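Below: the structure, in structure tokens.
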Amino acid sequence: MTTTAERQTPQRPEMLFDEQQLLARARANDRLVVACILDEFSAQCFSPEADFVPLTPKNWEVELCASQPDLLLVESAWRGHRELWWNTIPRLDPELQGILAWCRERGVPTAFWNKEDPVHFATFLTVAAEFDSVFTTDMDCVPLYKARLGHERVHFLPFAAQPALHNPLESFERTDGTAFAGAYYRRYPERTADLDALSRALRRRGPLAIYDRNHAKQIAEYAFPEEFHDEIVGGLAPHEIGVAYKGYTYNLNLNSVKQSQSMFARRVYELMASNTLVVSNFSRGLRSMFGDLVVATDSAAEVARVLDRLERIPHGVERVRAAALRKVLSDHTYGERLAFIARVNNVATQSRVDAGVLVVADVANVTELESVREAVNRQTWKPLKVAVHANGALAAEKARDEVLGGWANAELVLLSSMDPATVQVTAEKAGCEFVSVFDPSDYYGPNYVTDATLALGWSSLPAAGKGRHFAATTQGPMLSSDTGSFTSHPTLPARASVIRLSALPSYFSAQRIDAITMEGLAIDPFNYCRGGAALPVERMADVLDLELDRGHGLDDMRRHAALATVDVDDNLGIAVSELLDGLEGRSGEIRVDTTGPLPTIISTLAPGKHRYVYSSKRLQPNVLDLARDRFVYFECAPGLDLTLTFLFMGSNGQRLGHVMVPNLINVGIDLPPGTVELCVGLRVLGPGRATVKRFIPHHHHEANSGVLTRARDLVVTNVYPSYDNLYRNGFIHTRVRAYREHGRKVEVLLPSRTSRSTFREFEDVDVAEVPIDDLSACLRSGDVDNALVHFLDPLIWQALRQQSNLKGVYVWVHGSEVQPWWRREYNFKDEDELATAKMASDARMSFWQEVFREAPDNMHFIFVSRYFAEEVFEDVGIRLPEDRFSIIHNPIDTSIFTYVPKRPEQRRRVLTIRPYASRKYANDLSVEAVRLLSDREGFSDIQFCFIGDGPLFEETLAPLRGLENVEIRRQFLTHQEIARIHKDFGVFLTPTRMDAQGVSRDEAMASGLVPVTSAVAAVPEFVDTQCGFMAEGEDAAGLAEAIWTLAHDEELFASMSRAAARRVEKQTAADVIVPKEIELFRR
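Per the numbering used here: the sequence shown = residues 559 to 1641.
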């Protein structure tokens, strides 16, 4: 890891060997014949899986007749084979229509894959309507296609990797740094901002090498800024991409589409298949699909935190890479994608069933037998069959039942001999393609067989196994210094390998299969320890896979997409017959048919040609309903490329401007000043026919596949921290992080009044802001066990009150959401504010009375203090039964807020970190306390630091400006930053007017700061005279006296500091609180 800020000059990695000699060749037998229109890269990726016949516009009929394909596959191609289909696919040109007709007449299934969804959904909708089945990279587009096309033959098909092109062979000497193989786009400011942030984090770990896709083009729009110039190594031809993919420890990926739940850059699959760790900007789909197998965030600090943590774990980066590689090779190859397309279209193909593996073991006693049985039973690969050669005591007939019983994951046969010929015959009878020898003294982890067998799927070598490996020693497993991973190894031992059955005849001369060695592919060293069978499992931590969130399985994502509800939207907006009344055709090429309930446009224009047709009638601007919002939405059925057009007309008939509204896209309109009339028209492109369905004069929300979550427990709250607002319910984030550290993964959902879901992450927590209907559907889905609710409001209540299918709904009651106006009277500046507050208070109390009366049986309430619970029952006027509520404090993360004994001089260093959003926080009392102290001799010996932000910040702190011993910082801080600042101070000034607990105070106490606070509300439940000072409410003088006392009593300060940390450790530390909460929603 680079420790200086100095940039290192990147160098192009050196090639070690030609990987083609180690790759499996495609088999010609029983291969599908697929006619296709694919862009160059998709063609390269699919072609090893079948006989692909690229069609051309001039010779397609000859090519189809000669090849007699089993299937037609067309993607959302922009250029196609040899760039002969340049921009013609979206137009559904006559050549493509002819191809589809030929297939239809002969019963050849047709499949369309839109790899450009969601951005170009509308662009390719018309062409998609002509195919038997439709596939999309964006699962949220599945219900949209079903609604528009009127059938269910729509499926989720993400990008993938092609191991023939992208594989883990270490053909380059890796540089301990990062590569970025991509482009710079000035027109995408969010993307360039992500590049700036992530590159800063990655430079600290080694050189950043940029392989510029537009290196030689000299186009300003694509030119990297000067700060990157020294890091540009050059460009790469497509066949050279392995230099970037395999030549570095990390690779940087940038997604332009970040909000899709399933679509992200295909580069990610390729990098994982290349055994390289991906560092990416945020993408909901990337995190959904791969979880912790990637680093996906827009935050440079979060990148540093995650990579630092991985580098502290033994072999952490390498083990994440191994898990990512396994997932891609198992589920995300183009072989799987083609098999799925074929299966959906009822095209017979070789079944994608995992190859059978025969495990062979020689055992002499019950202990060895049990060792092998345990090793086999823990394997994840299916199917497994086992051949046991029993010698010694186990060879007796009476031991047969002992040998045959207890094989949970495998079928068992007895083996008469361990010679390779006998093993081969046994494997052939069992229908196995591979053989794996298990030595009873070795440890075989759960993915041992899986990883080696997957490697043999793309490698041409006769075996795959462990060259570099762990071996048992008295100190535990130690990693050998053998040759590296993913390279050819001359002498792989059979006991650490999976062997092709076809390779065994070469070793028939050997007496025992477990004694042979052979050339093979050395894979990663994990999931195996030579001589480690007897080691306790806790000693195997470095050998086994990391506990990681591996993201959703492919089958789960396909199931989710398939079950998505089709949008039945009765919002017809303005009648299109009224909107387009008076629309006239033009010169016989365009006809408007108004005989049906909706107008249909029929065009005989030549492909690529367009015309405008306008209505002879004018409309008033209010038809756009711009007072509601500035967006409009236009929809027509597939079949013809139509764009709605508005001309803005002035009082003298002059044209003031125009706007184009493409099909299925929300478009914002700014009405030019002076507009008095609208002229409505349509832009018609090419031939075809389409019915105009609706015009909606506001933003229209399309249906989606619903919120896809990876957690069984969902936190539902009103707000949650973000990287640009760290104080938004930060104590909830502390709780979520603690759940994760205790093995309980949760995700966060925020109900939104908007019509579209948005996604983000914060410090590795997934956050979704979703429309209330989507929240309700998510909770009903059966994928969620518990809703953990903070700051319940009417919107959240609407989604929760009927969720009887959930195991539990747990509602934390915190303060402001439940209190009547008189509990916060200090916030109101005048009578008008007070009157408004009283009205809101009446509604709030009525709401909570309804909640307490009608709470379903699965709803349980949690209060953070006894004082607060009793106050709420008094205010609401309803007392909950004792079994319907619990008192559980907010947890304090003592792994971040750690106690370090304070130095005596820190008693004169006073810190306050507070929001400045409400008078509740009593920051004005802190200011007054400092002002009172400023009159005392020796005041300048005490240092004060005020940190925070909010609308009251400047106004509140103005009286302290100019005091030399008072530092004022207007900023938000992360928990880690706060904890570091705690180390420099000894006293925490935190008066309050209302606290149900006081999380920031407890965090400071955990760090050993002595609290100076107010004896109001619940504070006395958390602070006593042994660990802090409590002044009476509104008593600034009492606060000042406490600070002065601590500053002049070294012994008292030291005693209170220790007591403050102990109080938190015993009462509110996360290790105390979180198990109580988890136990609550486990029951």
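Yeah, the Cβ is synthetic: ideal placement off N, Cα and C, and Gly gets one too.
Small disclaimer: the values here were computed from a predicted structure and weren't measured.
Under the Cβ criterion (8 Å, minimum of three pairs), the segment 1188 to 1195 does not count as touching the segment 1144 to 1154. By the criterion of at least three beta-carbon pairs nearer than 8 Å, the segment 1486 to 1506 is not in contact with the segment 1571 to 1582. Within the same chain, and ignoring the five residues on either side of PRO652 in sequence, the residues whose Cβ sits closer than 8 Å to its Cβ are PRO1165.
Going by DSSP, SER1310 is part of no alpha helix (DSSP H) but of the beta strand (DSSP E) stretching over 1304 to 1310. Cβ-Cβ separation between ILE1445 and PHE1410: approximately 17 Å, too far for a contact (criterion under 8 Å). Per DSSP, VAL592 is not a residue of any alpha helix (DSSP H); the beta strand (DSSP E) it occupies stretches across 591 to 595. Per DSSP, the beta bridge partners of ILE1471 are ILE1505. With a beta-carbon spacing of about 18 Å, ALA1345 and VAL1632 fall beyond the 8 Å limit used to define contacts.
Around the Cβ of GLN1360, a 10 Å sphere holds fewer than 16 other Cβ atoms; the residue is exposed. Within 10 angstroms of the beta-carbon of GLN776 lie fewer than 16 other beta-carbons, which makes it exposed. The DSSP assignment places 1424 to 1434 as complete runs of the alpha helix (DSSP H) inside the segment 1419 to 1455, in order along the chain (cut-off: 4 residues).
A contact between stretches requires three or more CB pairs, one per stretch, nearer than 8 Å, and the segment 1460 to 1469 meets this requirement with the segment 1606 to 1613. For ASP1199 and ARG1247, the gap between their C-alpha atoms comes out near 9 Å. Three or more Cβ pairs closer than 8 Å define a contact, and the segment 1271 to 1284 meets that threshold against the segment 1336 to 1352. As DSSP reads the structure, HIS947 sits in a beta bridge with ASP920. Counted as a single uninterrupted DSSP element, the alpha helix (DSSP H) harbouring THR1394 occupies residues 1389 to 1412. GLY1366 is bridged by DSSP to ASN1344.
For the pair LEU1243 and HIS1168, the Cα-to-Cα distance works out to about 4 Å.
Under the criterion of beta carbons closer than 8 Å, ALA831 and ALA913 do not qualify as touching, at roughly 19 Å. Within the segment 645 to 690, the complete alpha helix (DSSP H) segments of 4 residues or longer fall at 652 to 664, 683 to 686, listed in chain order. Boundaries of the alpha helix (DSSP H) harbouring VAL620: 618 to 625, taken from the DSSP string. Here ARG1338 has GLN1361, ASN1363 as same chain residues with Cβ atoms under 8 Å from its own Cβ, once five neighbours each way along the sequence are excluded. DSSP, reduced to helix, strand and coil, places VAL1171 within a strand of the structure shown. Cβ atoms of PHE840 and GLU1319 come within 8 Å of each other, at about 6 Å. The residue from ASP1082, TYR1384, SER857 with its alpha-carbon nearest to that of GLY874 is ASP1082. Remark: C-beta atoms of LEU629 and PRO667 approach each other more closely than 8 Å.
LEU613 carries a coil assignment under DSSP once its states are collapsed to helix, strand and coil. With a threshold of 16 other beta carbon atoms within 10 Å, PRO1509 falls short and is exposed. Runs of the beta strand (DSSP E) lying entirely within the segment 772 to 854, each at least 3 residues long, are 790 to 792, 806 to 811, 835 to 838 in chain order. The segment 1477 to 1487 and the segment 1445 to 1462 do not touch, with fewer than 3 CB-CB distances between them shorter than 8 Å. In the pairwise beta carbon analysis, the segment 1204 to 1217 is classified as touching the segment 1226 to 1238: at least three pairs are separated by under 8 Å. If you check the CB distance, VAL1524 and LEU1518 come in under 8 Å. Every unbroken stretch of the beta strand (DSSP E) spanning 3 or more residues and falling wholly within the segment 1567 to 1621 is given here in chain order: 1568 to 1572, 1587 to 1589.
Of the candidates THR1514, ALA1480, ASP1507, GLU1522, GLU1522 places its Cα closest to the Cα of ILE1500. A check of alpha carbon separations from ILE1636 across VAL1225, ARG1311, LEU683, VAL1304 identifies VAL1304 as the nearest.
Setting aside the 5 residues that flank it on each side, THR750 is surrounded in the same chain by TYR742, TYR743, ARG744, each with a C-beta closer than 8 Å to its C-beta; the list follows chain order.
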